[in-house]
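Note that full-length UniProt numbering has the sequence shown beginning at 1, numbered continuously upward.
Using N, Cα and C, we set each Cβ at its ideal position, and we do this for glycine too.
Read through the structure below, which is laid out as structure tokens, and then see the notes.
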Amino acid sequence: MSMPTPLRFPPGFVWGASTSAYQIEGAVKEDGRGESVWDTFSRTPGRTRNGDTGDVAADHYRRYREDLDLMRDLGLGSYRFSIAWPRIQPDGTGAPNQRGLDFYRRLVDGLHERGIAPMATLFHWDLPQTLQDAGGWESRDTAYRFADYAEKVFRALGDRVPVWLTINEPKTVVQNGYLSGHHAPGRQDPEAAYLVAHHLQLAHGLAVRALRATGPGRIGPALNLHPCYPADDSPEAAAAARLYDGYENRLYLDSVFAGRYPQDVLADLGPQSRMVQGIADGDLEIISSPIDILAVQYYTPIYVTAGGGTARRWPTSEADWQQIYPQGMYDILTRVTRDYGPVPLTVTENGLPTADSLNADGTVDDAGRVAFLRDHLAAAHRAVTAGVPLESFHVWSLLDNFEWDEGYDQRWGLVYVDYATQRRILKRSAHWYRAVIADNGF
Ligand code: PNW
1 MSMPTPLRFP PGFVWGASTS AYQIEGAVKE DGRGESVWDT FSRTPGRTRN GDTGDVAADH
61 YRRYREDLDL MRDLGLGSYR FSIAWPRIQP DGTGAPNQRG LDFYRRLVDG LHERGIAPMA
121 TLFHWDLPQT LQDAGGWESR DTAYRFADYA EKVFRALGDR VPVWLTINEP KTVVQNGYLS
181 GHHAPGRQDP EAAYLVAHHL QLAHGLAVRA LRATGPGRIG PALNLHPCYP ADDSPEAAAA
241 ARLYDGYENR LYLDSVFAGR YPQDVLADLG PQSRMVQGIA DGDLEIISSP IDILAVQYYT
301 PIYVTAGGGT ARRWPTSEAD WQQIYPQGMY DILTRVTRDY GPVPLTVTEN GLPTADSLNA
361 DGTVDDAGRV AFLRDHLAAA HRAVTAGVPL ESFHVWSLLD NFEWDEGYDQ RWGLVYVDYA
421 TQRRILKRSA HWYRAVIADN GF
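Have a look at this one:
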């Protein structure tokens, strides 16, 4: 009888989990927090499933100590969270709100006390509403407002946060916020969308520079990368997949790593597009300021048809946009290392939504999540074996939370949240992940 060979990650590999502020904190009026675009959007009838909002969410702002203890019990080595800009600058500008900073200082200190490394995202989509009213990311000034906010956070927390991530998934803001309109601010305007992309990239670069000017710490972008495959063997599908890859991946990677936007995307947008017109001299130098780490978020592949549409090849999850394809994790990690590396990598999101419920015996059996994570981690392990400098992996998400326009129906957590009582219950996947962490593999 033969046992399967266990997968062991390299010594020192770090195991973590991710969340974001608006999705878990609640307490939207607490301690001087201002309003964000997600408050506005989620309170607009018809925008979110069941009219759900982040008003209460997982009540993490009040229960963070309990959540810190949960993380310690799981054995996490890293916790990725985001800082809510409207807690730090309620109107998006000016002096920082001390009570907002204090919350994150308590959180970060609580992580250190438990031996967990903090990884802080500066922007996970909760733009102060006053800045949106002044044009939001369509306005170049928002990038400079962001740099000012980042500097204030660095000055307050820079001595105790070893890794910073600038903008979470600029592409999702572009595509969901400004193309499909499914996310705040709910626009459908392609010309605006790519100008927003440029300003998000500029904001990223300005924040990198702000960190260099204020102190130590490592910094990089958090990009959701989608491997784009041709849906068939035709040269037309290959060409369409190539351009699709430009919009999905190279727009964000080439600008950061090579200081240029991909020519095929710029040509497709056209010289008169708002984006191309909005690129000022020196912008790409700022955007390509050297980074220390690239955070990769992988959920799904995309299959591109000859006509430039998309096709479905693998089973989808509870999220209609997610096809389950673990090999995509290997493909994207090896690709960024080949094309842009070697750069230290961290996976900051990977996960699956499941229709979980609490059993009568108090357990939550999310076998699908266990299988998903096992298969994606095996693919990440193959990438490491092939030489990819991956230093850590974070599951999306630590807790069930507010899944944006999908509200609370989609549960992405290792830990089940009973919203009626805010009780936390470890799912089967959390028990499994704890063993993976303890063994540095499985
Ligand atoms: C990410 N897509 O969003 C976000 O960073 C998280 O806040 C979110 O909860 C998580 O993934 C799960 O959705 C994405 O359409 C949204 O491919 C959409 C896509 C990918 C990621």
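1. For A17, which option in A379, T421, T346 has the closest C-alpha, if you only look at C-alpha atoms?
2. Taking 9 Å as the CB-CB cut-off, is R140 touching chain B?
3. Could you tell me whether the Cβ atoms of S397 and L414 are closer together than 9 Å?
4. Run the proximity test for Q327: is its beta-carbon closer than 8 Å to any non-hydrogen atom belonging to the ligand PNW?
5. Of the residues V417, V395, R335, which one's Cα is nearest the Cα of A386?
6. Starting from the Cα of A236, find the closest Cα among L127, L74, G309, V256 and give me that residue.
7. Would you mind listing the beta strand (DSSP E) stretches within the stretch 208 to 264 that are 3+ residues and don't spill past its ends, in chain order?
8. Please list the terminal residues of the continuous alpha helix (DSSP H) segment that includes E391.
9. Just checking T53 against the ligand PNW - is the residue's beta carbon closer than 8 Å to any of the ligand's heavy atoms?
10. Between which residues of its own chain and D405 is the CB-CB distance below 7 Å, once the five residues before and five after are set aside?
11. Closer than 8 Å to a non-hydrogen atom of the ligand PNW - does that hold for the CB of E151?
12. Please tell me whether F402 and D189 are closer than 9 Å, where the distance is taken between their beta carbons.
13. Determine, using beta carbons only, whether A297 and A222 come nearer to each other than 9 Å.
14. Mapping DSSP to helix, strand and coil, what is P86?
15. With DSSP as the reference, label E66 as helix, strand or coil.
16. Would you say the beta carbon of P45 comes nearer than 8 Å to a heavy atom of the ligand PNW?
17. Following the continuous beta strand (DSSP E) through S18, name the residue where it begins and the one where it ends.
18. Alpha carbon to alpha carbon, what distance is there between Y340 and P118?
19. To the nearest angstrom, how far is the alpha carbon of G362 from that of I425?
20. Quick one: does the C-beta of S42 sit closer than 8 Å to a heavy atom of the ligand PNW?
21. Report buried or exposed for K29, applying the criterion of at least 16 other Cβ atoms within 10 angstroms of its Cβ.
22. What does the alpha-carbon distance come out to for the pair A378 and A435?
Concretely, from the data shown:
1. Your numbering for residue 17 matches position 17 in the sequence shown. Considering only alpha carbons, the answer is T346.
2. Among the protein chains of the structure shown there is no chain B, as only one such chain exists.
3. Position 397 of the sequence shown, counting from 1, holds the residue named residue 397. Position 414 of the sequence shown, counting from 1, holds the residue named residue 414. Yes, these two residues count as a Cβ contact at 9 Å.
4. As a working note, residue 327 is residue 327 in the sequence shown. Checking the Cβ of Q327 against the ligand PNW gives no.
5. In the sequence shown, residue 386 corresponds to position 386, counting from 1. Here the closest residue by C-alpha is R335.
6. Position 236 of the sequence shown, counting from 1, holds the residue named residue 236. Here the sequence assigns Glu to residue 236, which means Ala is not the residue at that position. E236 has its Cα closest to that of G309, out of L127, L74, G309, V256.
7. 218 to 224, 228 to 230
8. If you number the sequence shown from 1, residue 391 lands on position 391. Counting along the chain, E391 falls outside any alpha helix (DSSP H), though it belongs to the beta strand (DSSP E) covering 390 to 396.
9. As a position in the sequence shown, residue 53 is number 53, starting the count at 1. For the ligand PNW, not one heavy atom lies less than 8 Å from the Cβ of T53.
10. Here the question's residue 405 lines up with position 405 in the sequence shown. The answer, listed in chain order, is R47, T48, R49, H182, H183.
11. The residue labelled residue 151 in the question sits at position 151 within the sequence shown. No.
12. For the purposes of this step, residue 402 is identified with residue 402 of the sequence shown, where counting begins at 1. For the purposes of this step, residue 189 is identified with residue 189 of the sequence shown, where counting begins at 1. No; because the gap between Cβ atoms is not below 9 Å, this pair is not in contact.
13. Along the sequence shown, read from residue 1 onward, the residue named residue 297 stands at position 297. Along the sequence shown, read from residue 1 onward, the residue named residue 222 stands at position 222. According to the sequence displayed, residue 297 carries Gln and not Ala. Yes.
14. Working through the sequence shown from its first residue, we reach residue 86 at position 86. Helix, per DSSP.
15. Position 66 of the sequence shown, counting from 1, holds the residue named residue 66. It is helical.
16. Taking the first residue of the sequence shown as 1, we reach residue 45 at position 45. Incorrect: P45 has no Cβ contact closer than 8 Å to the ligand PNW.
17. Counted from its first residue, the sequence shown places residue 18 at position 18. First-last of the beta strand (DSSP E) with S18: 14 to 18.
18. Translated into the one-based positions of the sequence shown, residue 118 becomes position 118. Translated into the one-based positions of the sequence shown, residue 340 becomes position 340. Looking at the two C-alpha atoms, the distance is approximately 26 Å.
19. Residue mapping note: residue 362 aligns to position 362 of the sequence shown, counting from 1. Residue mapping note: residue 425 aligns to position 425 of the sequence shown, counting from 1. Distance between the alpha carbons of G362 and I425: 8 Å.
20. The count along the sequence shown starts at 1 and reaches residue 42 at position 42. Incorrect: S42 has no Cβ contact closer than 8 Å to the ligand PNW.
21. One-based indexing of the sequence shown puts residue 29 at position 29. Its Cβ having fewer than 16 others within 10 Å, K29 is exposed.
22. Numbered from 1 along the sequence shown, position 378 holds the residue referred to as residue 378. Numbered from 1 along the sequence shown, position 435 holds the residue referred to as residue 435. For A378 and A435, the distance between alpha carbons rounds to 15 Å.
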